[in-house]
Every structure is written in C-alpha cells, then in structure tokens.
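Undergrad:
2 protein chains.
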Amino acid sequence: MQQIEFDNQSYLIDGKPIYLISGEFHYFRVPKCDWKHRMELFKAAGGNCLATYIPWLVHETEEGNIVFGGTDEDGTRDLEGFLQAAQECGLYVIARPGPYQYSELKYGGLPSWLCENYPEIGAMKLDGSRINHASVSYLHPLFLEKVVRWFAVVCPILAKFTVTSGGPIAFTQFDNELMGFHLWFYGPDYNPVTMGFGREDGRYPLFLRNRYGSIDHLNEAYGTDFADFASALPTELTDDARPELIRRRKDYFDFYYASVAEFAVLLCREMRAHGIDTPFVHNSANPNMNAFFKEMAEELGGDFLLGSDHYYNLGQHWDQNNPTPQYAIKVFYSNEMLRLMGYPPSIFELPSGSCSDWPPILPEDSLACYMTNLALGMKGHNYYIFTGGPNPPGAGLTTDLYDFGAPIGTNNEIRPLYYVQKEYNDFVLHNEWLVRAERAGDFRIAIDFEHARSDKYWKAAGDFSYTNDQAWEFTLKGVMTTAFCASLSPVMIDLDLEDWVADITTPLFVAASLSMGADNQRRLVDFVKSGGKLIIAPVLPEYDEALRPCRILADFLGAKPAIRHQLPVTRATVCGVVNVSKERIFHQDVPHGAEQLGVEEFTGLPLSWSKRFGEGEAIWLGMEWWHSMREQELLLEALLQRLGLRRLVQSSTPQVWTSLRTDGARSMLFLMNLHSSPVTVESKVSKADGSWLSLGERTLAAMKVETIELAHDVVFGTGM
Amino acid sequence: MQQIEFDNQSYLIDGKPIYLISGEFHYFRVPKCDWKHRMELFKAAGGNCLATYIPWLVHETEEGNIVFGGTDEDGTRDLEGFLQAAQECGLYVIARPGPYQYSELKYGGLPSWLCENYPEIGAMKLDGSRINHASVSYLHPLFLEKVVRWFAVVCPILAKFTVTSGGPIAFTQFDNELMGFHLWFYGPDYNPVTMGFGREDGRYPLFLRNRYGSIDHLNEAYGTDFADFASALPTELTDDARPELIRRRKDYFDFYYASVAEFAVLLCREMRAHGIDTPFVHNSANPNMNAFFKEMAEELGGDFLLGSDHYYNLGQHWDQNNPTPQYAIKVFYSNEMLRLMGYPPSIFELPSGSCSDWPPILPEDSLACYMTNLALGMKGHNYYIFTGGPNPPGAGLTTDLYDFGAPIGTNNEIRPLYYVQKEYNDFVLHNEWLVRAERAGDFRIAIDFEHARSDKYWKAAGDFSYTNDQAWEFTLKGVMTTAFCASLSPVMIDLDLEDWVADITTPLFVAASLSMGADNQRRLVDFVKSGGKLIIAPVLPEYDEALRPCRILADFLGAKPAIRHQLPVTRATVCGVVNVSKERIFHQDVPHGAEQLGVEEFTGLPLSWSKRFGEGEAIWLGMEWWHSMREQELLLEALLQRLGLRRLVQSSTPQVWTSLRTDGARSMLFLMNLHSSPVTVESKVSKADGSWLSLGERTLAAMKVETIELAHDVVFGTGM
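Sequence lines, in order, name chains A and B. Using full-length UniProt numbering, the first residue of the first sequence is number 1, and each one after it goes up by one. Using full-length UniProt numbering, the first residue of the second sequence is number 1, and each one after it goes up by one.
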C-alpha cells in the first residue's frame, strides 16, 4: 500500500487526488471471527480505510501489566491481528492510541487505576477540585510519565504496521477531541502543578513573562499590583466585562490552548521516537471548537491534519433530530475553517448511527447529512461507527452492547444505513474530481477566529456595545443564514491571513465586535484602498485583539463610535427595504464624504452609510439580525448589489439551499432540501456572459440533497 | 346561531358534541373588500368560527379618542362591519378585546400613549425598573382605570353581537397569553404600588397575612424577624436552596398567580357589566405555562375555559424546525393538563404559518402537527392565522406586512396550507365522534402541577437531592418519552385530585421530588392500601408542599431517605435489565418486608425494591433517566409487567408512536411518524380476551400521522 498524502485541497495517493472513506471499527468490540467478513462488507461498499481506538483501559487493566496479543478468543486485545486483517483486506488504518479516547468507555478509555489512584493528575477547577474523574491534566508530569510507558508499548506495535513498513497504518491520531472533557464539564484546566502557579519557572508564569516582558507591564494591563509573575494567578470566569478582566481571562485561554498544543507536540515526538512515521491527525469535537486548535496547527505544521466531528444528534440534549439547515450552517463554517487552516476538510466522526438509540438516526437523514457535508466542502471522512459489538466486560459507560445503530449490526446483520453509505460512497468515487473542486462564491464573509474562542472569557457585554460572541452569532445566524436562504454563494475568508486582501473581485461582509486585531483592521483598510468593497456591521472596532484602544479602521473611515439604540420600539429602513426586522441596532453620525443609506424612522437617526475610496467602497450597517424574514434577504441583496454583486445561482425558494462546486473544468450544483417536507424548486446558474442557464424545475423529497452536473462549457461570472 | 356550550369533554351545540374549527382573521389587517371572500373560503374548508383581536392600539391612537366604525375604506376600525360579515357567513366569533394582545403589534397592541406617558403602570423588576415597555402591571389602579374606559367603549359593541343577542360572538377572551410578557423578559411583576409593598392593607401583605395569620408564624417560616406584614418584602430569585428561601420565593409566585387571577376576575366582571354574556376563554402561551392558571380556573369556575398555544417553531430561537416527537410530548401533557382541569383541550393558537418567514412552516409538517394534537386529545382549535394583511401604519412590530405564510395570502392567493387544513377539517368533521372519545390507557403517569410551577422559584438543587423541576423533566423526558417509544399507552392523573385514588385498574408511575403535598402523599398511601400498584422514582418525598418536613408516604413504606450516589461511574441492573442507562441514581436500604429489585453493581448498593400491602404494591426505583436507550423501554415494561400491565397496543418500532382513542363504541388508533424519514411499522391492538388483533404492516411517509378505525366489536382489555 502506498502512503496517503494530503495538500490543502485533498488527500492524494501517488499524486492522484482521492477521497478518503474511512469507517470506525473497534477490534476490542467486534468479535475476531467477524473481522474479515465485516471488513469485506465495508470494502464492498466503497470504503478504503478503517479507524480504531486502542483503549489504554482495555490493554492495561492492572497498572504495569500491559497486554497485547491474541490470547483472547474474541480478539479484544489482538491489535496486531486486527492490523494484519485490515492489510489483507487492502484497507488503510487510522490508529488512535489515545491516551484518552472517550468512545463511551468508562473513564473515557483511561485505565481505572489511573483515574482512581492518582487524583493529582486530574484536570482541576480554579478552586483545586477535580473537573471530572475522567478529565486529566494533559501536561501533569505524573500523567505524562504514565503515558510515556503506555506509548512505549503501543507505539512500537503501530510502527511495525505503518505504510512505509509495509503495513496499513496511514495516519496516527493522538488523543481524541482534546479539551472536550475539560470545557464541557467546567472550563479550562487549572491544575496548579501542571500550570506551575506560584513558581517563577512555572508554565503559566513563563507564558505571562513571554507576553508582558515585565511584571510592571502585566500590572498595567491587568490593573493589578502583583509582585512577580509567580503570583499573577488566573481569575475566575465571571461576567465582569471590564477590559482588564476580559484581557486577563483571554490570556488564560490563550495559555490553555497553547498548553494543549504543547501536549500534542510531546505526544507526536514520543510517537516519532518509537518509529511511527505517518502524518498525525486529530479531531476537534465539534465545529465550535475548531478555532481552539490554531496554536496546535502552528506548532505541528505540515505533518499534521486537523479534522472535525459533525454530529447532528446524539441524544435528547441536542437541539435538532435531523440534519437541518441549522446543521448545514455548522458544517459550512466548520469546513471553511478547516480549509482556511490549510487542510482538506475531513470529518473524522461523520454520524453513522448514534450512541443513543433515541432519537433515532435514520438512513435518509444520514444520506442528506453526508451529501450536505460534501456540498459544503468535505474531502474525506470517517463513519463513526461502521460496526460495533459488546463492550469488554466492565468497560462500557452506557449499556453493555455498543450497537450504535451502525450499518452492520452486532449479529452481522446488514441494516438500511449500509446501503445508504454505499450509495454515498459510490457517488463520491464516481465523482472523485470533486475533491479538487472548490465552492464558487459571489461574495465573501469574514471569519475572525477569535470570535469563536471568546464565549468563555467574554460572556457578557457589560459596557461593551457588542462582543465577539455576538458578532459570531450574527455571522452564523444572521448574514450566513440569510445568504443561503437568498441563494447567494458565500465563501469565507480568515481575517488573520493576507491572502484575501488583494482579491477585490467580490464584496466582503464583516460582522465586527468592538474588538478586532490591529493587523486585521489594517488589512481591511488596505482592502478598501485597493478597490475592495466592504460591508461592516453592526459596529466598528474600537479596540485591538488585547482590548487596547485601537481605531485604525474607524479613523480611516472617519467614523465616530456607533451608539446602541435605546428606544424600545424601532423601525429600520435601509437601501429601500422598509421596516426590516433586526435584533440590536446602532446609530452613528454620517462621516464626512459618506452617503446615508439607512435610517431609524421614529428618531430619524442614521443607521447606515457608504463611503467611497477610489474604486473601493465601505458600507457601515448599524444593524444586527438573526435570519427570520424575507426583508433580510432583500436587504443583503440590495447592499451587495450596490457593491457590484454578480450572483452565481438562483433558487426559487429559500427552502432549497445551494452550493456550486467547480474544479475549473467540471462543475456541480448541489440542491439541499433539509426540511421534513418535499419542495419544488427552479434553479438557475449564471454564465460568464451574464445570462442565466435554467436548470429546470425539480421536486425534492423531504431531507433530500440532489446534484446537477453542469455541461463542461458553462463558465461562471466572477468570484472564482 | 345557537350558543356553543362545553363540558369537560367537548364543545356542544344544542347538546350535540361538535368540534370547534376556528381561524384567526384580523379585520384591522385584512382589507374590508376581501372579508367576505376569505370568510367563505374558510367556511368552504370546514371552518365554523373566526377569532380576532380588537387592538386598543388601533382604536385609541390618541388618549381619549376611541374610534370604531367604518370611516376607513379598508375597514381597519370597522369591528361592527366585521362581526356583521361573520354573521352573514354563518361563522361564530371569538372576540379578543385585550387589553393586551401581542399579535406582533407595537407595545403588544397597547396604545403608545399608555406605555410611553404612564411609566408607573409598567410591570417592574424587584429593583423598581420596568421589565419591558410593553409589560404592564395588571392590577395597577391607573392601568385598570384606562382599561375600564377602553372596555366601556368596546364591550357594549361586543355585547350587541353575542349569540344570545342574535350575533356571532360565542366566546370572549380576556387579555392574551397572560404573564408571558413578564416571565419571558424577567420574572413576576414587582410593581410596588400594585403589589402594595410596605402597606399593611397592600395586596401582598394581605396575601401573607391570609397565609400565615401572624407575623410570628411568617418569621418562623422564613427565618426572618420582620416587624409586620408590610415590611415582609419579597426576595430575589436566587439559586439559594435553603427551604425557608424556597418557601418565601414560592409564596411570591403563589401570590403572583393569584393576582393574575384577580385581574381576570376584574376583566370578566367588567365585561359582564357591559352585557357580554358569553363564556370567557383565555389562552396559556405554551404548555409549560398551563399550570400557572390553576388559581384563575378556580376563581372563574364553570363559565371559563382555558386553552393553550401549541407552536412548534416561530423562529431560530426554537429548538426544532418541525413537529417532532419532543413536540408531541408537549402536546400530550398540555392536553392532559387541560383535560384534568376540566376543559375540552382547546388549542387557541394552532400553528397556521409563523410570524417568521424562516425557518419555514411547511404544509406537510402542519398536517402532522394537527393530527398529533388530535391524536393526543385536542377537541377544538383556532388556526393562528387563517389570513393576514398589512399592519395598520406604524403598528407592526416586525415587518409592515403581516403575511405569516397563512393559508390565504395577502393577495387572496390560496396556498397549499389551505388544502392541508381542509383535509384536516374534513377528517374531524367526518369523525366528529372523536370529540367524545378519550385516550385508552394501560398505565398512568402522575402530574404534580407544582412541578411545572417551580423552575423559577426553585432553580438549583442545593442540599436537596431532587427538585420539583428535575422531577418534571424526568416525567417528560424520561418515563413519558420511554413509554411512547415502547408503544405503551400512558394517561395522566392530577395528584391534587381525588378521582384516581379508587381506580386500581392500572399501575401508576410517580416521578417525585423531595417535596410533595401532604394530601397527595396521603392519597398515594390510600391508593396502595386499596390495592393500587405504584412505582415511585427516584426519591421519596421528605417535605410537604411548603417545604416543611413530611414523611407520610415514606413512613408508610417504612423507608429511609434515599441517598444520592456519589461514585463517578455506576452500573445499574434492575428487574433483570442489565446496565440500564440512567442520569442520577440513588440508593436506600431495603425496608423491612420489601424485596430488592435492583442494585448498583460496583458497590452492591440497593437501588430498587418492592413492597406489598395486601393487593397493593409499591415499587421504589432510585433511578432517573432521560430516554435514550432501548434498555429503558425494557426496564419500564418489566416494572409495569410486575404490577400486572395489560398492554393495549404494540408498535414494531419506537419511531412510530401510538394513541388509541375510544368513545366506548367506536375506536381509532393513531400512528405517528414524527421523523423526517419514512418508516414501516406493524401494529397490534389488545382485545378483551387478551389476544392480539394485528392491524398489518404500513409504511408511513416522513412526518405522517395515519389512523386506523377499529371494527365496532373490538373491545380493549383494561384501563378504560
């Protein structure tokens, strides 16, 4: 087998782009006698890779006695036998040796003796109590010592089976859903030993020293009077919104993310030392967490690939039972984040059943889920799970049988989900050009990764008129949702990068908070100066990334601070769209040289203006919205049209969302009906000459994604 | 037209049971020239009644100048013309003269001058600030003075058009969704003038005097040292879970609900004084709020009917886009609450479109919604809205056109939703016997109305191992959801009533908190003593309704207090069901004479036992669950089977929920697929002789409710 490589667009084998179709398959749950049979079934359905956890819990039930091998008849500990079987079936393997796994195992797959006998390694709350018995402090020296011993046994086995050694292991994943077991149950880890509180050479004091240089600078930034870095302890995650407290809490999160990256580096180094030469992968537990991995991506560089998990329901705690448009929004921004981080968007846990029997995960919904992920950029995935079986005795957290409603049942029965996956796999394998295709866009939406990292350290607005978290919600539930309903074709850019600044072909929408990095503000100024068309809403930044006053963009625009409207009843009319529905609104004097575009009717206060800078133009819109009304579609269109929008797609109903993907030669339009009722839609695609190509009328069943491949001579207008 | 009457089972005309099919139709939005045409369309679709707000805002734009009549060409203020038109079309009318309405009108339909010029009438927070500019303090003397003036004009008009006066008005609704505009934005109203804080003859001090008799008793109950009732101010809605503070907060809510009932009594008295002789109706804003109207129901007696509003989505803030099984749970307990309060379950706002264009309300989903409501007990409804139109200038809160995606569009276009409603209306009119049918049950679930009233005054558990709110969640998301998935047929009983105590035909499941009314505890004892079969989980009450120590039930059972399990990992096996999934678990010594039924396996601690009392039996189950796993179905069945369950229905999949309704002669089985994928189901019904009648296999489309009418000779086993 040849090594699987990847670039920023797709996986490749021997330079040929391929789609990765992996299936989770646990040798410790599936009886050994069924391995080959089920692997062949997976291959027959189009799969090319398997993934498995290697649970520490199962292999070291007593401390110091690590057991691997075929001694159990059912193969519970026979990792080598499993890797051998995969290789014989011609399937690649993604190996996941932990240390932590979850997988609904007791203590998340960590040994009981570790969690019970060594409480000091636990991830801790600020008050020193443990977050959860299965939450460990990643960099605690004693935990690392135990991990090193575990890796010293498991890694050499894996090293024997990597692709370069003639085996099937194409990728190795360190840990699993890092940070989830801290943040879901509490917040970041404050284990004092790990973080080195109170020690000048402690991890956190060193981080602060690196950031502030001197304790005086830190005290100035925090409004404190610490004697030294050792005593500059973190503060509670309160709602207090004074800049110095937001800054202090943000510092701790920056530190925490960096410490998790340090852990990842240690794990990778250890694995390399034992001869594992595959690229490393890791999965963010959900789209909201992707942004927490920026430090790790930088530390690990090109030998690492971050993917995400895209569940839509795992129990009654979830909002939606099926992959709805709200799910599609998550899929879209998650895939776009991964793309912008330089990875082919990979979904390492794509729902294939659920750890809960109810609400049920249904085959038709699953197919809609897969096709939606594909439509919005997925370049490879791992079905979680392809098949299950009984948990090793005492190891199951929920029930004793880990069935998951998987495509292949625990008695080898083939369920309808199997045929649905085969249908999807066949589709991607027959359209493998799609892995080099990208989404065609007619306007851009900015993503500020910091917006997605802020909800825990900047919860409440306080005196701030608009927070990062609010801007992030506006991006997703406002402009992005409105755009899909209006059959516009947004693509995302990362404000932290330079790559978008020189591209002035399509307008850019920025949902801004009062805080934006100084460099990002400068980039927006450069963009407009070079002829770029910008819409910024609902405020203009007044602070930089560290909450220090910074008005680079506002000064360039000649704008005063935006003021939050205080009237209980307001009526907003912008660009001819009357009484458009909004959440918060802001007003501001129209800057010198700008043209007023909108007004709050009861007060006559201006709430939108436009100002030109040569070919460039900036529109400020003092209005936030969550998509709910047709008027919001009209407003977004009106603003973009003013800025030269050349629309790529038309869909006759907001019920059907679209995604146009092209590799430059071949193109495909995805039509998504993510509602529980059928719908008839007429769709059109814009040609380069500005005329519309009608794709006719179609009736889509409930929860149905359909595709239309366009003739080779159709070339689109702009924004490609 | 003849008066519409109602008893505790259905609406009646001249003694004949009928189904009320009303449609919301706003004369102030629909142009006058379209009234008759659209009314005829409604009638052609099977409707027999219209409902309309009469917005104070529209009729008294300037204080003191109340305008009614046909002066506007569009009929915006022509109430009489509208009532005349309805009468000519043979349609009844539900008149809703406010004073408050909402209906997405500015200030909820209250005049701007009222909300802007008289801030003292506002509902207030504990700190004296206004809750919201549209939230009024119902009993504020100045507000009542203005209401009396408004009613003095509007009520005589309505009185001329009641059915007994030869007009169409069958019901009059006072106000709308009472309490919603307080509780959604803050909590109960603390307007000091209204509530009489600080005055011995104030409303709240009098309430306290009535409850405690002397200030010493109050101080003893609160742990305070108030000099008199006047100074016994309410306290903040904190998380503090000390009994004396829960008690004090609960007192304020009891007082608040009573004050709203007092307001309702005043409004009704005023309307009666002006000659309105119809029964009065009111709509609870949602199922969660039904329990807040117990005092009102008692005050108003038989001349009053409470209904509820059953939306499933009105915007992105809602959890689900379509009527899912979770929605069915809400419908079920809401209808059961209304039935237990003595009313034919009426849904005064049954979704017919939405105030948001997105997420869309789709015709197929709507039909599933209507049929689900019918399957679970609805006896009459009002489509909100049947048709809309432009808001009167400046009166619209969201957009200028109040279209709502209604069945009849604002240009008289007939939308698919119209035909769906016709289909539903035809169904109920052709099966009008269903209005005298009730749900056949094979076991009972207790409802303690106080559980549904507690979330605001008893938010956190504190030292309490189990709160009212947790017991309520367990009821809905645990046992009730499991029961429907297992195709069991639960019906609900009201613990506060006596009617269920002597009925020992089916087992009773009680989800209990640490608090239960002393009378209710006594009833449970009497029930078991008379041979009743009881399951109580996850704790036994240790306090009465006022949080005073009270162990009537526990002492009868000879049980010690249940102790919350503290192990991080637990494994529960009960009645042979191994490792059943649970949330919180409790253990307790097995009382003398009881048989142990379940154990936590790691510790060996007992978590379930059963004790017999003659024919009666009580099972304690120290386990809470939210439905997620098949094992939970098995556990519920095993417990009920032990208590003599005679199951009424079998459905071959948890995806299809059932409801069997019978009037004793005719019977119908409803099969509900409230998922977005189709499903094939085999269903069976139990006959009196214990054999099963197979109803064959059916494939239900996504979001489809189907019915099977049973042959007349099928008689069911038990529980009727």
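Built from N, CA and C at the ideal position, the CB exists for glycine as well.
Please state the DSSP three-state secondary structure of residue 629 of chain A.
TA: As a position in the first sequence, residue 629 of chain A is number 629, starting the count at 1. Coil at residue 629 of chain A, not helix or strand.
Undergrad: For residue 390 of chain B and residue 397 of chain B, what's the separation of their Cα atoms in angstroms?
TA: In the second sequence, residue 390 of chain B corresponds to position 390, counting from 1. In the second sequence, residue 397 of chain B corresponds to position 397, counting from 1. Cα to Cα, residue 390 of chain B sits roughly 12 Å from residue 397 of chain B.
Undergrad: If you measure from the beta carbon of residue 592 of chain B to each beta carbon in chain A, is any gap under 8 Å?
TA: Here residue 592 of chain B refers to the residue found at position 592 of the second sequence. No, its Cβ sits nowhere closer than 8 Å to a Cβ of chain A.
Undergrad: Cβ closer than 7 Å: which chain B residues qualify as neighbours of residue 265 of chain A?
TA: As a first step, residue 265 of chain A is located in the first sequence; it is residue number 265 there, counting from the start. In chain order: nothing, as chain B lies at least about 30 Å away.
Undergrad: For the alpha helix (DSSP H) holding residue 193 of chain A, just list the boundary residues, first then last.
TA: Against the first sequence, residue 193 of chain A aligns to sequence position 193. 192-195 is the extent of the alpha helix (DSSP H) around residue 193 of chain A.
Undergrad: Which same chain residues end up closer than 6 Å to residue 719 of chain B when comparing Cβ atoms and leaving out the 5 residues on each side of it in sequence?
TA: Walking along the second sequence from the start, residue 719 of chain B turns up at place 719. Confidence at residue 719 of chain B is low in this model, with a pLDDT of 38, below 50, so the placement of that residue should be treated as unreliable; the coordinate-derived value is given next. Cβ neighbours of residue 719 of chain B beyond the five flanking positions: 441, 442, 505, 506.
Undergrad: State the DSSP-derived secondary structure class of residue 482 of chain A, mapped to helix, strand or coil.
TA: Taking the first residue of the first sequence as 1, we reach residue 482 of chain A at position 482. When DSSP states are grouped into helix, strand and coil, residue 482 of chain A belongs to the helix group.
Undergrad: Could you pull out every residue in the same chain whose Cβ sits closer than 7 Å to the Cβ of residue 663 of chain A, ignoring the five residues on either side in sequence?
TA: Taking the first residue of the first sequence as 1, we reach residue 663 of chain A at position 663. Here residue 663 of chain A has 433, 436, 437 as same chain residues with Cβ atoms under 7 Å from its own Cβ, once five neighbours each way along the sequence are excluded.
Undergrad: Using Cβ-Cβ distances below 7 Å, what residues of the stretch 556-589 of chain A are close to chain B?
TA: 568, 569, 578, 579, 581
Undergrad: Does the distance from the CB of residue 495 of chain A to the CB of residue 446 of chain A come in under 8 Å?
TA: As a position in the first sequence, residue 495 of chain A is number 495, starting the count at 1. As a position in the first sequence, residue 446 of chain A is number 446, starting the count at 1. Between residue 495 of chain A and residue 446 of chain A, the gap from beta carbon to beta carbon is short of 8 Å.
Undergrad: Cβ of residue 378 of chain A versus every heavy atom of the ligand FMN: is any distance shorter than 7 Å?
TA: Among the components modelled here there is no ligand, and therefore nothing to report on the ligand FMN.
Undergrad: Does the CB of residue 324 of chain A have a neighbour CB from chain B at under 8 Å?
TA: As a position in the first sequence, residue 324 of chain A is number 324, starting the count at 1. So, interface residue.
Undergrad: If you follow the beta strand (DSSP E) that residue 575 of chain A is part of, which residue opens it and which one closes it?
TA: Counted from its first residue, the first sequence places residue 575 of chain A at position 575. Element bounds for residue 575 of chain A: n/a, residue is neither H nor E.
Undergrad: Kindly indicate which residue of A/255, A/473, A/124 has the alpha-carbon position closest to the one of residue 207 of chain A.
TA: The residue labelled residue 207 of chain A in the question sits at position 207 within the first sequence. Restricting attention to A/255, A/473, A/124, the CA atom closest to the CA of residue 207 of chain A is found in A/255.
Undergrad: Can you check whether the CB of residue 57 of chain B is closer than 8 Å to the CB of residue 107 of chain B?
TA: In the second sequence, counting from the first residue as 1, residue 107 of chain B sits at position 107. In the second sequence, counting from the first residue as 1, residue 57 of chain B sits at position 57. Cβ atoms of residue 107 of chain B and residue 57 of chain B: closer than 8 Å.
Undergrad: Would residue 305 of chain B pass as a contact of residue 343 of chain B if the rule is Cβ separation under 8 Å?
TA: For the purposes of this step, residue 305 of chain B is identified with residue 305 of the second sequence, where counting begins at 1. For the purposes of this step, residue 343 of chain B is identified with residue 343 of the second sequence, where counting begins at 1. Yes, these two residues count as a Cβ contact at 8 Å.
Undergrad: Which residues in chain C sit within 7 Å of residue 56 of chain A, going by Cβ to Cβ distance?
TA: The displayed structure is made up of protein chains A and B, and chain C is not among them.
Undergrad: Report the three-state DSSP secondary structure of residue 134 of chain B (helix, strand or coil).
TA: Along the second sequence, one-based indexing puts residue 134 of chain B at 134. Looking at residue 134 of chain B - three-state DSSP - the assignment turns out to be coil, as it is neither helix nor strand.
Undergrad: Along the chain, where does the alpha helix (DSSP H) that runs through residue 153 of chain A open and close?
TA: As a working note, residue 153 of chain A is residue 153 in the first sequence. Its alpha helix (DSSP H) spans residues 141-160.
Undergrad: Assuming contact is defined by CB atoms lying nearer than 8 Å, are residue 129 of chain B and residue 181 of chain B in contact in what I supplied?
TA: The residue you call residue 129 of chain B lines up with position 129 of the second sequence. The residue you call residue 181 of chain B lines up with position 181 of the second sequence. Going by C-beta atoms, residue 129 of chain B is not nearer than 8 Å to residue 181 of chain B.
Undergrad: Just checking: is the beta-carbon of residue 7 of chain A within a distance shorter than 8 Å of some beta-carbon in chain B?
TA: Locating residue 7 of chain A in the first sequence gives position 7, counting from the first residue. Not one chain B Cβ lies under 8 Å of residue 7 of chain A.
Undergrad: By the DSSP assignment, the beta strand (DSSP E) with residue 34 of chain A in it spans what residues?
TA: In the first sequence, the residue the question calls residue 34 of chain A occupies position 34. Per DSSP, residue 34 of chain A belongs to no beta strand (DSSP E); it is in the alpha helix (DSSP H), 32-44.
Undergrad: Does residue 661 of chain B get closer than 8 Å to chain A when you measure Cβ to Cβ?
TA: The sequence position of residue 661 of chain B within the second sequence is 661, counting from 1. Answer no: the Cβ-Cβ gap between residue 661 of chain B and chain A never drops below 8 Å.
Undergrad: Please list the segments of the beta strand (DSSP E) lying wholly inside the stretch 524-599 of chain A, counting only runs of 3 or more residues, in order along the chain.
TA: 533-538, 572-574
Undergrad: Quick one: give me the first and last residue of the beta strand (DSSP E) that residue 668 of chain A is part of.
TA: Indexing the first sequence from 1 puts residue 668 of chain A at position 668. It spans 667-673 - the beta strand (DSSP E) in which residue 668 of chain A sits, taken as one unbroken run.
Undergrad: Taking 8 Å as the CB-CB limit, is residue 87 of chain B close to chain A?
TA: One-based indexing of the second sequence puts residue 87 of chain B at position 87. Output row for residue 87 of chain B: interface = no.
Undergrad: Rounded to whole angstroms, what is the Cα-Cα separation between residue 487 of chain A and residue 111 of chain B?
TA: Taking the first residue of the first sequence as position 1, residue 487 of chain A is located at position 487. Taking the first residue of the second sequence as position 1, residue 111 of chain B is located at position 111. Near 40 Å, if we compare the C-alpha coordinates of residue 111 of chain B and residue 487 of chain A.
Undergrad: Three Cβ pairs or more, each shorter than 8 Å: is that satisfied between the stretch 586-596 of chain A and the stretch 555-564 of chain A?
TA: Touching, per the Cβ criterion.
Undergrad: Mind listing which residues of the stretch 102-113 of chain A have their C-beta closer than 9 Å to chain B's C-betas, in chain order?
TA: Listed by position, the residues of the stretch 102-113 of chain A near chain B (Cβ gap below 9 Å) are 106, 107, 112.
Undergrad: Residue 369 of chain B versus chain A: which residues are under 9 Å apart at the beta carbon?
TA: Locating residue 369 of chain B in the second sequence gives position 369, where the first residue counts as 1. Those within 9 Å of residue 369 of chain B in chain A number zero; the least Cβ separation is about 11 Å.
Undergrad: Round the Cβ separation of residue 627 of chain A and residue 478 of chain A to the nearest angstrom and send it over; I've been treating them as touching at under 8 Å.
TA: One-based indexing of the first sequence puts residue 627 of chain A at position 627. One-based indexing of the first sequence puts residue 478 of chain A at position 478. Separation of the CB atoms of residue 627 of chain A and residue 478 of chain A is rounded to 6 Å, and the pair is thereby assigned contact status at 8 Å.
Undergrad: For chain B, check one thing: does any of its Cβ atoms lie closer than 8 Å to the Cβ of residue 650 of chain A?
TA: Stepping through the first sequence from its first residue, residue 650 of chain A is reached at position 650. Not one chain B Cβ lies under 8 Å of residue 650 of chain A.
Undergrad: Given this structure, state the Cα-to-Cα distance separating residue 116 of chain A from residue 582 of chain B, to the nearest angstrom.
TA: Taking the first sequence and counting its residues from 1, one reaches residue 116 of chain A at position 116. Taking the second sequence and counting its residues from 1, one reaches residue 582 of chain B at position 582. Going from the Cα of residue 116 of chain A to the Cα of residue 582 of chain B covers about 22 Å.
Undergrad: Check for me: the alpha helix (DSSP H) holding residue 326 of chain B runs from which residue to which?
TA: Counting from one through the second sequence, the residue named residue 326 of chain B turns up at place 326. Segment 325-340, the alpha helix (DSSP H) holding residue 326 of chain B.
Undergrad: In three-state DSSP terms, what is residue 11 of chain B?
TA: Indexing the second sequence from 1 puts residue 11 of chain B at position 11. Reduced to three states, the DSSP call for residue 11 of chain B is strand.
Undergrad: Given that a residue counts as buried once 16 or more other Cβ atoms are within 10 Å of its Cβ, and exposed if not, what is residue 278 of chain A?
TA: Position 278 of the first sequence, counting from 1, holds the residue named residue 278 of chain A. Buried: at least 16 other Cβ atoms inside 10 Å.
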